[in-house]
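Below is one structure, written out as structure tokens, with a few remarks after it.
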DNA sequence: ACGACCTGTGCACGAACGTGCAGAAAGGAG
DNA sequence: CTCCTTTCTGCACGTTCGTGCACAGGTCGT
């Protein structure tokens, strides 16, 4: 499809630069106006046309500033129609997050990506833009008792790699090992050490937070990663969710949770060596987990919907 | 107007990033949809939202490639509706040129600007974008027997400076001196030498071509810069137009034209030390002058309307 | 205090736009 | 070559958008 890109490019120039109407362009090209509409969509989708909003926002959004002061982060609060479904909320937040991520990518960036419903959605909204020498590395294992997790994370990593033109490095381990012993053993393997080393060099990390409780428990808690016994353990430890499959409590502690010795994602401590840690959160039920993540200092950049942001601030600074 | 920019920013995010309809945004904000439409226009106008078309074009536009091969330049051929008036043609070409100039500006750029109807129009279509440490320097004098030229060039330089946030350096001399002697004298003055030195350091120059003949003679030939005697001289010398008020013939020669010893713009030879020389041309009557400019190697980047491009190629490679 | 003026907003209408659908063209398999 | 599948295109409709106009609220000068 070389011809199409070409037409799309001319059309884009005429439409976006010269501001011709689609009608004028269609007669110029001798095609229907509908086709021009489609060409322009194509141009936008393929990154031939980029629409960028400068983020000078930080300065006046009250809620965002509160978050920034309270946690020492950069925050983007996303307006979502109150009546929206959870799916819509997630979509809106992901779109904004995608655009924020876009501003963080620069040549040579090593991007660490977690997985989950939030990140999946985000990966769908990345607009293509070649980032030379970029590498994408999977942050945490995704295998479970039932599945290897590779198709699932593969979809995420691939679409991100396609958007940025990056190399991909998978992390072929389960989300949790059954035995801490196995993890220690694997962590000595050179194949794994290579991935871990790359993770440590990442300059940007993107992740959501998993919520253990609420009407919509997150993927990892509802898809066979844990058994009955595990759940009991989680409850006893007051775990509210996770960041990169490292479980944590609302107060931000995680180090003493036994199950984390079997988890494969980077701990908040390990994460904190990464310069930009973009956390994407949509949905009120994630508030406790988000609070834990923030207190664990796992986050430098946050994208969150307005409602959740409000609930969060209410918890921190009750009025 | 801080509040307005702020609302405009939120609206822009919702509209361009989250693709909400203006309707949804208006109810969210509690204003009318019309207001949102205006906010978005404001956001675009102030550079809060940027729409960029990647110029991978170079690759398939046949005419553009012909020009590139024939003259060793980078060319952008602008489609303009055949039926368009000259004013529309100029506007369209200027818009594209403005976007090309935008891609050439980077931090620290010293931009040399000529003046004329083309450049005036171009300066109207620059979309604001702060370019740190940039400087704009006027390339050629604009004074005539009647006017100082400062208000006229001032408008151009100011609007460009506003768009890029640059410093401005004027060149307060006439377009042509009456006596070559005066020019030599002035060129020794330190105030003038400072400007000349800056011109010599420019990394980007933008200019049109003036056409001496045709239905629409260019500004410099119709606004009292010359007297009867001058015109006779121009005709005798086969001058077809000018670049930065340096007169030239269709074959690209200029050095032996007496009047040029009184002109204040950089000669093609001086221009050629500037890395990027963006020439903007709209209108068939400028074809001979453009040909002269190209042959004089004054140009590295050309933006031209399709019709003029065709006429030009017909002259060079008759079919 | 009053009117003249200026800025910003909503309304309403016509213009511009996106997209489901159905038919045409292009590409493959037999 | 023919039939089937897939992709592309134009039509038509409903939606979404831009803007002239008129009015409201605010500012300034007299």
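Protein chains in written order, with this note's numbering: chain P, 96 to 414; chain B, 96 to 414.
Glycine included, every Cβ here is placed at the ideal spot set by N, Cα and C.
This structure is a prediction, so every number in the text was calculated from the model and none was measured.
I want to know whether the stretch 207–215 of chain P touches the stretch 371–386 of chain P - three or more CB-CB distances under 8 angstroms. yes
What in chain B is Cβ-close to residue 176(P), meaning under 9 angstroms? Below the 9 angstroms Cβ cutoff, chain B contributes 115, 119, 122 and 123 as neighbours of residue 176(P), in chain order.
May I ask you to report which of helix, strand or coil DSSP gives residue 464(P)? Residue numbering for chain P in the displayed model covers 96 to 414; residue 464(P) lies beyond these limits and cannot be assessed.
Cross-chain neighbours of residue 190(P) in chain B, by beta carbon under 8 angstroms: 112, 113 and 114
Can you tell me whether residue 114(P) is buried or exposed? The criterion is at least 16 other CB atoms within 10 Å of its CB, across all chains shown. exposed
Where residue 266(P) sits in the DSSP three-state scheme: coil
Relative to the C-alpha of residue 196(B), which residue among 381(B), 231(B) and 379(B) is closest? 231(B)
Kindly indicate if chain B contains any beta-carbon less than 9 angstroms away from that of residue 138(P). By this cut-off, residue 138(P) is an interface position.
Along chain P, which residues have their Cβ under 8 angstroms away from the Cβ of residue 109(B)? Neighbourhood of residue 109(B) in chain P, by CB distance below 8 angstroms: 174, in chain order.
With respect to 8 angstroms, is the separation between the Cβ of residue 177(B) and the closest non-hydrogen atom of the ligand SAH below this value? The ligand content of the structure shown is nil, which means the ligand SAH is not present either.
Rounded to whole angstroms, what is the Cα-Cα separation between residue 413(B) and residue 304(B)? Spanning the two alpha carbons is a distance of roughly 23 angstroms.
Do the stretch 256–270 of chain B and the stretch 281–299 of chain B touch if we need at least three Cβ pairs shorter than 8 angstroms? yes
Taking the beta carbon of residue 359(P) as the centre, do at least 16 other beta carbons fall within 10 Å, making it buried, or is it exposed? buried
Any chance you could list the alpha helix (DSSP H) runs of at least 4 consecutive residues sitting entirely within the stretch 154–203 of chain B, in chain order? For the stretch 154–203 of chain B, whole alpha helix (DSSP H) runs of length 4 or above, ordered along the chain, are 157–166 and 181–199.
Tell me the start and end of each unbroken beta strand (DSSP E) in the stretch 361–396 of chain B that is at least 3 residues and wholly inside, in chain order. Listed in chain order, the complete beta strand (DSSP E) runs (minimum 3 residues) inside the stretch 361–396 of chain B are 371–376.
C-beta atoms of residue 119(P) and residue 176(B) nearer than 9 angstroms: yes
Per DSSP, what are the beta-bridge partners of residue 238(B) in this structure? 269(B)
Kindly indicate which three-state DSSP category residue 285(B) falls into: helix, strand or coil? helix
Give me the subset of the stretch 211–231 of chain P whose CB atoms are less than 8 angstroms from a CB atom of chain B, sorted by chain position. Of all residues in the stretch 211–231 of chain P, none places a beta-carbon less than 8 angstroms from a beta-carbon of chain B.
Separation of residue 342(B) from residue 393(B), as counted between CA atoms: Spanning the two alpha carbons is a distance of roughly 12 angstroms.
Helix, strand or coil: how does DSSP classify residue 260(P) here? DSSP, read as helix, strand or coil, puts residue 260(P) in coil.
Leaving aside the five residues before and after residue 218(P) along the sequence, list all residues of the same chain whose C-beta is less than 7 angstroms from its C-beta, in chain order. Excluding sequence neighbours, residue 218(P) sits near 251, 254 and 255.
Report back the beta-carbon spacing between residue 402(B) and residue 166(B) to the nearest angstrom; my notes put them in contact at under 8 angstroms. Their Cβ separation, rounded to whole angstroms, is 18 angstroms, which puts residue 402(B) and residue 166(B) out of contact at 8 angstroms.
So with Cβ pairs under 9 angstroms, would you call residue 99(B) a contact of chain P? No, because no Cβ of chain P sits closer than 9 angstroms to the Cβ of residue 99(B).
Answer with buried or exposed for residue 227(B), where buried requires no fewer than 16 other C-beta atoms within 10 angstroms of its C-beta. Looking at its Cβ environment, which holds fewer than 16 other Cβ atoms inside 10 Å, residue 227(B) is exposed.
Does any residue of chain P bring its CB to less than 9 angstroms from the CB of residue 396(B)? no
Just the Cα atoms here: how many angstroms apart are residue 238(P) and residue 163(P)? Spanning the two alpha carbons is a distance of roughly 35 angstroms.
Taking the Cβ atom as the reference point for each residue, do residue 350(B) and residue 364(B) lie within a distance shorter than 9 angstroms? yes
In angstroms, rounded to a whole number, what distance separates the CA positions of residue 136(B) and residue 208(B)? 28 angstroms
Report the neighbours of residue 187(B) on chain P: residues whose CB is nearer than 7 angstroms to its CB, in chain order. The contacting residues are 113.
Below 7 angstroms on C-beta distance, what does residue 194(B) contact in chain P? 112
Are the C-beta atoms of residue 105(B) and some chain P residue less than 9 angstroms apart? Using a CB distance cut-off of 9 angstroms, residue 105(B) counts as an interface residue toward chain P.
Taking Cβ positions only, does residue 325(P) come closer than 9 angstroms to chain B? no
Where does residue 307(B) sit, in a helix, a strand or coil, going by DSSP? If DSSP states are grouped into helix, strand and coil, residue 307(B) belongs with coil.
So the candidates are 181(B), 172(B), 159(B) and 362(B); which of them puts its Cα closest to the Cα of residue 309(B)? The residue with the shortest Cα to Cα distance from residue 309(B) is 181(B).
Is residue 96(P) close to chain B? Criterion is C-beta to C-beta, closer than 9 angstroms. Bear in mind that the predicted position of residue 96(P) carries a pLDDT of just 48, short of 50, making it too unreliable to give a figure here.
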